[in-house]
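Please read the structure below before turning to the comments.
Numbering (full-length UniProt numbering), first residue to last: 1 to 1214.
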């Protein structure tokens, strides 16, 4: 057999038009050849095999991660913004194809076009796997320079041939965060003196960005800026500033405008806070409860057609009330999918400068405010002809914000877990009482949750705006009580409450409580919920006679608060009040009007089975049928006319409904529930369970269409009154889960409290089912669009019903559901620092909202190892605050600030900065606090170590309002110079120029016996950057072990420069105190000893150091919290000498035995109350896992008061 390979010969003739391949035998006879040699004539014996190779196609679908944006502004593909320093790369990607199907390699190259197109990086040949796959390469972050422009290219090869080069995007790099310079307004200047509230104002903003330029400016008024885009400002060519034009300022008093800049690369600045004061209108005339502005109190009631009518004391019973809002403006949805007012909770009351009542409305899930008051110039005018004379229209509706914190008004402590929800879904009653707490803004009272607690939501002066903290008004269960608001009945300038006991029909007055101290009125909000102070004022106001009882104050102008009521069948009554002390307190009820259709009103309609047969529909059933659209609506034609229910109480009519010839829908009516429609799968499930005679009872609403946020229908729900045994309930149906499912009682209430089908649970996928072994029951739920159950409600005796969903539910399921060590849930999810938490019988589970980590805990677990606290004045108000650096894990961190108050306490921690997930690893950072730019606000310096051992000194600059910038990179130390683990950083004004610098003590040799230490100072330059580290003292070999000393910073010799004090613990047990004095250039001198404790007289390990001016004499001293053992400590102060040394300590405070464990807190020094003396604060960790922030305020003699608790976090919430 002969085998020839001619690949090289063919390759050498690339470009030749044709190549002939031939094989020929040698047929010449020679001496050694005794015969002819000829190629076999058999086809199977002769094969010419040709293997072609074509070059690979040029790579396609070139892209990058992140992708450039804003190409129109950059003049190329766009900008790439600030990259994640912990990820540390720009990823280039492309798809590759080889016509021959060969695997191969890719070569990526990056050229810097702003430097003449020179290649600055290439990947070399890299394999990308099988043919057709995506190849990628990562450009290191250090190869990209902010402000430069780059183009990348790529080619492929298959081992034999290369493709042509393909060029990717040309892009520009912008790694610089933009900055907001200033905000100004002549309409609403910072210091006041501008327009009053209920006017519009224009604001001007300056913003800069050195690389890509500012692309837009965004703002938010009296709210936080969202993670995504916010309302934009417009560019003003005349002023060369960004302009926020004609912004309606409806809130009188303090207002906050948050402004941030976004550059064309998508980098966002930290928000700048612009605070201004808008005075109220002093000439406003107010009648509480007045909707139309005619100074008469108005009453609102819903008609059986879903409209909203208004009545006043002069209403003629023969003519009825005035229509103030059509059903189409309502927040709820009828059976026909149309808006309606039916079923909504309503409350209104003016005051505090509002002359036309706004309307609070709860739709079962959300709380809205329908704005009706003066000043909304950009909105439809209430009552105007172009609104059809309506006062409440959906264009003027705003979603009310939910206070996210809760405290007990009686104790000031945080509400117990599970008491307060983070949304409005658990609300059962709403009341608009007026200004309960005396702060000049209108408040709202709600009854919420399974335990039916009463909460006060203090208004902040904006429509739908409340203070951040709700107040729990006692522990009473208000389940069988109707709360109504008559206004100020007792004459103390604060509103009182009236409460009806639904079981007895008795009416009680709950008076407010106001005390005057030094001419200042102090209100106790909890007094209006104190059963011990209530006074009976009426009887026989039963729910049978008056299903709904209301008051809007003085209806007839006689200075006495009145009642009005809705009776069975839609009758309205006025019950006029008599003066206090008069018996009876109220006159007999007088008919006012009837909002419903009487049973004597009937109309005939064709029967669905025979159009020649006419069926009567009467009264409320007729009204409901017509409200749903009549014969052309979803119910179509009747199959049974109005008939009596077999229970002898209710009435009903049956209908064919859409798509059916047979009965597939009904309207059912009872005196206590009204008339409502039920249809389709929901009706079938309800009837299977017994209908009006079953556990669900009569319907209390039409079948509601459930829509998602995009308006897409995702299911349907009908709600039912239930029975005295089962409680209220519902039946839902959605195509995502299949059959309709009923839920009742505790499970239904809990599901409703989380938001019902639109909430995190979605729709039920099971009926209520008993748990396998332990006493209890569960219902599983699923949100539309998901393929598996992702929520549940579990009930068990003693713990009640609680919802669990999402990642927390997944973790609980992994641990064995209720059979695992956690047991049954004992709370719903609620907010904790950095995420959410659910409590269980055996512990709790926390989920982090940045990293997504979900971790289970025992009850006493704490987060002490995740937090570090620092003291500083971060908002520039002259009072010390507490900064908490919170390590969320997974290279993710956040900063919180607890602001110091004038009384020496602290506010609750407020998040002021958070990294993106995976962008800032606190375990790689050493922090120190100082005012590095001299603006009066303390900043943060952070020494960060990278994977290669190099370090960067970052700054976080504090902005007005106490928020922080993104980390600004500073001095970089290349790898191999310093060992980050041996460095200790501290801040102070070491050169006396008015700006703080950073000093580093470095353990050149870390050895207790032979330690060697050097000191270096990063002096802050005039432009705010850090200079090259300035060397100072260096110990002799073995002369100073850095880890054997504890350090603190202060100006100990009074020369205007910060020094370092060191408490050194020697191997023989002696302890010495030294000072490293700073020179004019900021360099630190060798330590000078000034105090010594003999062995056995001072335990270095039991000492915690601080520095402060504790007696206000303008000389700083060292403070030492000293552990005496057994949970007892004392604070000792070392006075300073003129040379910067220290004398023997004096005791400034001694704790009561067993009350202060130094291992549970580290003292922080700062002037918390602004009196010129340094106080001590401490974040204290208790054995039960709770955390408190405490203050030991300084007295004039430099001693300390006992600790006062300023803030508390329940176990596992901080």
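C-beta atoms are modelled at their ideal positions from N, C-alpha and C, and glycine is treated no differently.
If you ignore the 5 residues before and after residue 177, its C-beta comes within less than 6 Å of the C-beta of 267, 269 and 966, all in its own chain and listed in chain order.
Here the alpha carbon of residue 735 sits roughly 18 Å from the alpha carbon of residue 791.
In this structure residue 522 is exposed. Its beta-carbon is surrounded by fewer than 16 other beta-carbon atoms within 10 angstroms. Spatial neighbours of residue 307 in its own chain (CB-CB distance under 8 Å, excluding positions within 5 residues in sequence) are listed in chain order as 323, 325, 326, 327 and 341. For residue 300, the enclosing beta strand (DSSP E) has its first and last residue at 298-302. In terms of CA proximity to residue 978, 1014 leads the group 598, 954, 1014 and 961. Around the beta carbon of residue 821, fewer than 16 other beta carbons sit within 10 angstroms, so the residue counts as exposed. The stretch 455-473 and the stretch 502-511 do not touch, with fewer than three beta-carbon pairs separated by less than 8 Å. Take residue 747, set aside five residues on each side of it, and the residues of its chain with a beta-carbon closer than 8 Å to its own are 768, 777, 779, 793, 795 and 801, in chain order.
DSSP lists 1014 as the beta-bridge partner residues of residue 1034. When 880, 902 and 894 are compared, the shortest CA-CA separation from residue 936 is found for 880.
Comparing C-alpha distances from residue 444 to each of 263, 451, 235 and 358 shows the shortest one belongs to 358. Minimum Cα-Cα distance from residue 120 among the listed residues 104, 655 and 139 corresponds to 139.
Ranked by Cα distance from residue 584, the options 538, 1088, 1110 and 1189 are led by 538.
Taking a cut-off of 8 Å on C-beta distances, the stretch 1151-1169 touches the stretch 1109-1127, as three or more cross pairs fall below it.
Within 10 angstroms of the beta-carbon of residue 167 lie fewer than 16 other beta-carbons, which makes it exposed.
Taking residue 788 as the centre and dropping the five residues before and after it, the same chain places no C-beta closer than 6 Å to its C-beta. Bounds of the alpha helix (DSSP H) holding residue 752 are 745-753. CA-CA distance, residue 310 to residue 1189, rounds to 51 Å.
As the crow flies, the alpha-carbon of residue 549 is around 43 Å from that of residue 846. Taking residue 1029 as the centre and dropping the five residues before and after it, the same chain places the C-beta of 1016 and 1018 closer than 6 Å to its C-beta, in chain order. In this chain, residue 79 is not harboured by any alpha helix (DSSP H); it is covered by the beta strand (DSSP E) spanning 78-80. By alpha-carbon distance to residue 244, the top candidate from 362, 264, 185 and 276 is 185. Assignment of residue 1140 by DSSP, reduced to helix, strand and coil, places it in the coil class. Sequence-distant Cβ neighbours of residue 1043 in its own chain, meaning closer than 6 Å and more than five residues away, do not exist here. Boundaries of the beta strand (DSSP E) harbouring residue 153: 149-157, taken from the DSSP string. Annotation: the continuous beta strand (DSSP E) that includes residue 551 extends over 548-553. For residue 346, the pairing in a beta bridge is given by DSSP as 361. Boundaries of the beta strand (DSSP E) around residue 848: 843-848. The stretch 191-203 makes no contact with the stretch 54-65, as fewer than three CB pairs between them are under 8 Å. In this structure, the beta-carbon distance from residue 663 to residue 642 does not fall below 7 Å. For the options 90, 850, 803 and 813, the alpha carbon positioned closest to that of residue 827 is the one of 803. The beta carbons of residue 233 and residue 217 sit closer together than 7 Å. According to the DSSP assignment, residue 637 belongs to no alpha helix (DSSP H), since it is labelled neither H nor E.
In chain order, 704 and 705 place their CB closer than 6 Å to the CB of residue 333, counting only its own chain and leaving out the 5 sequence neighbours on each side.
Per DSSP, the unbroken alpha helix (DSSP H) holding residue 814 starts and ends at 806-814.
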